[in-house]
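Heads up, the thing below is written out as structure tokens.
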Amino acid sequence: MEYFEIEGGRPLNGIVKISGAKNATFPILSAALLIDGKTRIKKVPGVIDVINFINILKGLGVKIEENKGEITIDATGNIKSKIDHKKNHNLRGTQTLLGALMGRNKEAILPSLGGCNIGARPIDLHLKGLKELGTTISWKGGYLRAKAKKLIGSSIYLDFPSVGATENLIIAATKADGTTILENTAREPEIENLIDFLNKAGANIQTKRPGVIYIKGVKKLHPIDFTLIPDRIEAATYLIMGAITRGDITIKDVRTQDFEPVIMKLKEMGAEIETNNNEVHLFADGRFKSVNIKTLPFPGFPTDAQPQIMSLMSVSKGTSIITETIFENRFRAAEGLQKMGASIRIEHDTAIVTGTERLNSANVTATDLRGGAALITAALAAKGTSKILDISHVDRGYEKIEEKIKKLGGHIERKNDNI
Ligand code: UD1
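Each residue of the sequence shown is one higher than the one before, counting from 913 in my numbering.
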């Protein structure tokens, strides 16, 4: 099993370039199934979840050519409706293939969805919406089966602004008959990127006001060239790494408006931050101050940056409180942080973090993607050499993480011996 060996205590200094957004890749590649002809997508991140997703698409009969972060996707011809159980790769990203296959084939057969173990993650809102569009849903032999004669536009209210459900319903409704109105939708930048992609390809989708989306069904979409937005969570992670190591770093190729809450909170904690359109410069000197954070749907503080900021809180002055409102099992990094000497008490959806002067090195295990990033963040600042085990979780969502950290002056090595 591969692990990272990290010698902590070196400030991260220099420039880091941010990759394309992992969570924009899945819905946009899914939506490309509605297009006849070759569509080119740029800034596709080379992370394991995306590589597995591309393999799933190829298994369905989609023609894909890859070249250094640029892919050409062509779903012309016969595309299968069933994703094989064995090829599902424990991915959350496959959820948007439900809407895409329904939009294209009027049939989708999917094994149960995977992804990080951070909560129950039901898909009742996706199914409620698809049923409103005319889909019948059943479960058989461990597979979800969705089928419709045709999809007909409807008005759908989401009880919670779910990212996946919003994406699925936008994709399914794009070529439906008539108009679909989605109320209380998610407003994450990845949704905006998906709408932009579909509209450029000939869809008729309008955000009437925040959280209300009108989709007028169209008959045909045409191929386009498209660039994915930068990964706001990767950007947030490197900013927090810069902060915890008291570094001086510049994050390039970002859209600052996509992770403003993280920037604001880091400023509140004491970081000096300057932003311009696609660049953020952070300078950190001395210990940070405690803050309180509540995770919320966009534009609130992102749940995907919560474990990383918990690491920073654990070496800040005073007591910080995190309220996690999105996922019920998202404090799993706390155990590793406690092993490193952090003082964290978990009470239901709340983590109470009392900062200590310095963390110590330890051998700790990544249990999920962002939790793994949080442990790396902590190890970069800890005294001594830490080992982060089970880094396959981290590889699922961070492109070339050790190369990027090394370039910033961090001491990190990928190792593969038995420990
Ligand atoms: C996406 C992101 C994930 C991020 C999350 C919230 C991808 C591949 N993953 O996940 O990184 O942490 O958004 O920003 O894009 N819920 C229901 N019923 C549903 C759907 C969701 O109860 O039908 C609940 C979930 O259990 C969770 C909350 O809604 O408590 C948010 O989930 P959702 O926004 O759907 O997240 P994902 O799309 O799974």
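C-beta atoms are modelled at their ideal positions from N, C-alpha and C, and glycine is treated no differently.
For the ligand COA, any of its heavy atoms closer than 7 Å to the Cβ of residue i?
| i | result |
| --- | --- |
| S1202 | The ligand COA is absent from the structure shown, which contains only the ligand UD1. |
Taking buried to mean at least 16 other C-beta atoms within 10 Å of its own C-beta, is residue i buried or exposed?
| i | result |
| --- | --- |
| K1316 | buried |
| N979 | exposed |
| F1072 | exposed |
| T1097 | buried |
| H1260 | exposed |
| N1105 | buried |
| D1329 | exposed |
| N1190 | exposed |
| K998 | exposed |
| E940 | Before going on, a small fix: residue 940 reads as Ile here, not Glu. That one is buried. |
| Y1069 | exposed |
| S942 | buried |
| H1134 | exposed |
| P1173 | buried |
| G989 | exposed |
| E1143 | Sequence inspection shows Asp at residue 1143; the Glu mentioned does not correspond to that position. Buried, by the Cβ-count rule. |
| T937 | buried |
| I927 | exposed |
| P1101 | buried |
| M1225 | buried |
| K1177 | buried |
| N1017 | buried |
| G1090 | exposed |
| P1209 | buried |
| D1137 | exposed |
| Q1169 | exposed |
| E1079 | buried |
Any beta carbon from chain C within less than 8 Å of residue i's own beta carbon?
| i | result |
| --- | --- |
| A943 | Structure shown: chain C not included; a single protein chain is present. |
Look up residue i in the DSSP assignment and say whether it is helix, strand or coil.
| i | result |
| --- | --- |
| F1109 | helix |
| I968 | helix |
| R1282 | helix |
| N1189 | coil |
| H1323 | strand |
| G1154 | helix |
| S942 | helix |
| L1301 | strand |
| V1124 | strand |
| A1238 | For the sequence presented, residue 1238 should be read as Ile rather than Ala. I1238: coil per DSSP, three-state reduction. |
| V1306 | helix |
| V959 | coil |
| G1076 | helix |
| V1265 | strand |
| K1206 | strand |
| I1175 | helix |
| A1020 | strand |
| T951 | strand |
| S1255 | strand |
| K1295 | strand |
| T1091 | strand |
| N1275 | strand |
| N935 | helix |
| A1148 | helix |
| L1025 | coil |
| L1039 | helix |
| G1005 | helix |
| D1170 | helix |
| G926 | strand |
| T1086 | helix |
| A1058 | strand |
| T1162 | strand |
| E914 | coil |
| E1311 | coil |
| D1329 | coil |
Quick test of your reading: residue i and residue j, contact by CB under 8 Å. State the CB separation rounded to the nearest angstrom.
| i | j | result |
| --- | --- | --- |
| D961 | R1308 | 5 Å |
| P957 | K934 | 5 Å |
| L1063 | L1045 | 5 Å |
| K1312 | L1140 | Not confirmed; about 17 Å, so no contact. |
| D1302 | M913 | 7 Å |
| M1181 | S1228 | 6 Å |
| K1201 | T1235 | About 18 Å; that fails the 8 Å criterion. |
| L1271 | M1252 | 4 Å |
- Between the region 915–929 and the region 1287–1300, are three or more C-beta pairs nearer than 8 Å? These segments touch.
- Task: Taking 8 Å as the threshold, find out whether the region 1295–1311 comes into contact with the region 1154–1161 through three or more Cβ pairs.
- Result: Touching, no, given that fewer than three Cβ pairs across the two stretches are closer than 8 Å.
- Quick one: any contact between the region 947–963 and the region 1181–1198, if contact means 3 or more CB pairs under 8 Å? No: fewer than three Cβ pairs fall under 8 Å.
- Query: When the Cβ atoms of the region 1212–1219 are set against those of the region 1146–1156, are three or more pairs found closer than 8 Å?
  - Reply: Taking 8 Å as the limit for Cβ pairs, the verdict is that the region 1146–1156 does touch the region 1212–1219.
- Message: Measuring CB atoms only, is the region 1275–1287 touching the region 1234–1245, in the sense that at least three cross pairs come out at less than 8 Å?
- Response: Of all C-beta pairs linking the region 1275–1287 to the region 1234–1245, three or more are shorter than 8 Å, placing the two stretches in contact.
- Message: Within 8 Å, do at least three Cβ pairs link the region 1124–1134 to the region 1102–1116?
- Response: Counting C-beta pairs closer than 8 Å gives three or more between the region 1102–1116 and the region 1124–1134, which meets the contact rule.
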